[in-house]
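Residues in the sequence shown are numbered consecutively from 240, following our numbering.
From the three backbone atoms N, C-alpha and C, an ideal C-beta is built for every residue, glycine too.
Below: one structure, written as structure tokens.
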Amino acid sequence: MSTAALLDNSHYEQACDQAIAMCDGNLRSTIKALIMANEYLEAELEELQAAISAGCIPDTSHSKMRSKSSAA
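In structure tokens:
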């Protein structure tokens with residue numbers, strides 16, 4: 240295994256340890272929290288994709304959407 244792969248793996252190990260610690264060592268709660276976070280991010284992605292399809296672009300300065308016509 241390359242050094243880069245080992246560093247990448249240690250990042251995930253640390254993230255796992257942190258997530259478990261945030262749930263007081265309860266693995267079921269940790270998994271539940273991660274599933275909920277993933278569902279939230281999937282919903283955000285779907286909302287962003289729908290907005291882009293509708294002709295809006297992300298307004299990175301305010302984290303809101305604006306139409307392409309107002310971007311010019």
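Between the CA atoms of residue j and residue i - distance to the nearest angstrom
i: Tyr279; j: Gln253; result: 22 Å
i: Lys271; j: Gln257; result: 15 Å
i: Pro297; j: Glu286; result: 11 Å
i: Asp247; j: Ile274; result: 22 Å
i: Ala289; j: Ala276; result: 20 Å
i: Ile259; j: Arg267; result: 9 Å
i: Ala293; j: Cys262; result: 39 Å
i: His250; j: Thr242; result: 13 Å
i: Ala244; j: Ile291; result: 35 Å
Host alpha helix (DSSP H) of residue i (start-end)
i: Ser241; result: Segment: none, Ser241 is in no alpha helix (DSSP H) and carries neither H nor E.
Cβ of residue i within 9 Å of any chain D Cβ
i: Asn265; result: In the structure shown, chain D cannot be found, because there is only a single protein chain.
*Only counting runs of 4 or more residues, tell me where the alpha helix (DSSP H) segments fall wholly within the segment 256–293, in order along the chain.*
266–292
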